[in-house]
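Residue numbers (this note's numbering): 271 to 491.
Glycine included, every Cβ here is placed at the ideal spot set by N, Cα and C.
Notes for the one structure printed next.
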Amino acid sequence: MNLVLVGPPGAGKGTQAEKLITEFGLTHVATGDMFRAAVSNGTPMGLEAKKYMDAGKLVPDDVVVGMVEERLAQDDVRDGFMLDGFPRNTHQAEALDAFLEKSGRSIDLVLNIAVDPELLVKRLTGRRVCRECGGNYHVLFSPSEAGDKCAGCGGELYLRDDDNEHTVRNRLDVYRNQTEPVIGYYRPLGKLADINGALKPDEVFEQIFKAIGATEESESA
Ligand code: AMP
């Protein structure tokens, strides 16, 4: 199954992606993670992308689309993938359909995880990420038992450069103006499942589990 996770920053896409990996063995393709890896490796693409990321803006489409097309040509996604953070606008959605079609593939299901914007600001500015294993915490909602270290691996917890309030608000504006139309692109195709992302992670996953089950049933019917 080929899935897309759509939702504003802070909707819990990363958390749900981890559950999807465990439950369905899907390969996670997260464009934000790919850019952060390029930034920390100091590649020319990473240095270019960082300018946009720090401002809360989208990296130009030609850079992102090329990167994702290359990634989805690799062997480990042949049996299914889960895109997280891509497509971020309708041009990227059209480009995705076009290059998947070349290899006889398509998107089966788009999970639209919706959350109230003010809750998102609270979630993002309090988020802390482990530098070593990428584990996610929140200073109020899910603090690490090891204080400012990761409870899983002992790595340092940090605030992402783009999780300060000013950049968070920019990212939410970009989401509303550019990414929400992606929902309108997929809805008429009958591929969209609306998920309430304000609930607890396990309750959110329950809705996702049902949506995947319904899609599998309709595809095998
Ligand atoms: P994320 O971790 O998904 O919130 O992404 C962090 C940042 O990476 C975004 O604010 C953008 O600057 C950049 N980015 C990630 N995915 C995309 C995309 N599909 N198109 C453009 N920029 C992206």
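For the ligand AMP, is there a heavy atom less than 7 angstroms away from the beta-carbon of residue i?
i: L390; result: no
Identify which residue in the options has its Cα closest to the Cα of residue i.
i: N434; options: M271, P279 and V274; result: P279
i: V309; options: T301, A300, V299 and K320; result: K320
i: T292; options: T301, M352, G336 and N311; result: M352
i: V444; options: R358, E489, V399 and G316; result: R358
i: K289; options: T485, V474 and E486; result: V474
i: G467; options: I383, D331 and G350; result: I383
i: V460; options: L379, V334, S412 and G417; result: One detail in the question is off: residue 460 reads as Gly in this sequence, not Val. The residue with the shortest Cα to Cα distance from G460 is L379.
i: V333; options: A343, Q362 and D354; result: Q362
i: G355; options: A343, D345, Q344 and V335; result: V335
i: Y455; options: F411, T360 and A343; result: T360
What separation, rounded to the nearest whole angstrom, lies between the Cα atoms of residue i and residue j?
i: K372; j: E339; result: 11 angstroms
i: E415; j: A421; result: 6 angstroms
i: K327; j: R348; result: 31 angstroms
i: K283; j: H298; result: 11 angstroms
i: A365; j: V452; result: 12 angstroms
i: N311; j: M323; result: 15 angstroms
i: D303; j: A491; result: 36 angstroms
i: K419; j: A307; result: 21 angstroms
i: G374; j: H436; result: 42 angstroms
i: V409; j: L317; result: 29 angstroms
i: L381; j: Q286; result: 11 angstroms
i: R439; j: R446; result: 11 angstroms
i: A281; j: C400; result: 18 angstroms
i: M271; j: D472; result: 21 angstroms
Exercise for review: Pull every residue with its beta-carbon under 5 angstroms away from any heavy atom of the ligand AMP, and keep them in chain order.
Suggested key: P279, T301, G302, F305, Y322, M323, L328, V329, V334, G355, F356 and R358
Practice item. Would you check if the stretch 478 to 491 and the stretch 395 to 412 touch, i.e. whether three or more CB-CB distances between them fall below 8 angstroms? Key: no
Review point. Between the stretch 390 to 398 and the stretch 359 to 374, are three or more C-beta pairs nearer than 8 angstroms?
Key: no
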